[in-house]
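Enquirer: Residue 188 in our numbering is what sits at position 41 of the sequence shown, and the numbering runs on without skipping anything. Heads up, the beta-carbon is just placed ideally off N, CA and C, and yes, glycines get one too. All figures in this text were calculated on a predicted structure; none of them were measured in a lab. Can you keep this structure in mind? I'll have questions shortly.
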Amino acid sequence: MRSSQERQREGEREETWEEEREREQQERERDRRRSPRGDYDNGLEETFCSMRLKENIGDPSRADIFTPQAGRISTVNSFNLPILRHLRLSAERGVLYN
């Protein structure tokens, strides 16, 4: 016959095991909600408040490619406008000279 202390220790071990199992399950659930890029699926983060949402690609001084004879091309992607990463978009504008 087991003593009450042995039964108590066994009960404590079961509680610890259950707590650990629950914690691991919560971690798996949290990892499953993450997308491959490491962002959460809904794309909402605290950094949205500080992100730039507008970029003037019509400004000639910020052209990515410029040729005096042909014109200029400006592009915007997720590197210079982070919100586009979540939308999976990019923009490009070209101006051709006569």
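1. DSSP state of Arg240, grouped into three classes?
2. Can you check which of these residues, Asn224, Gln216 and Glu167, is closest to Ile204 by C-alpha distance?
3. Tell me whether Leu234 is buried or exposed, calling it buried when 16 or more other Cβ atoms sit within 10 Å of its Cβ.
4. Using 9 Å as the threshold, is the C-beta distance between Arg219 and Pro229 below it?
5. In the DSSP assignment, the alpha helix (DSSP H) including Ile230 goes from what residue to what residue?
Expert: Per the coordinate set shown:
1. strand
2. Asn224
3. exposed
4. no
5. Ile230 to Leu234
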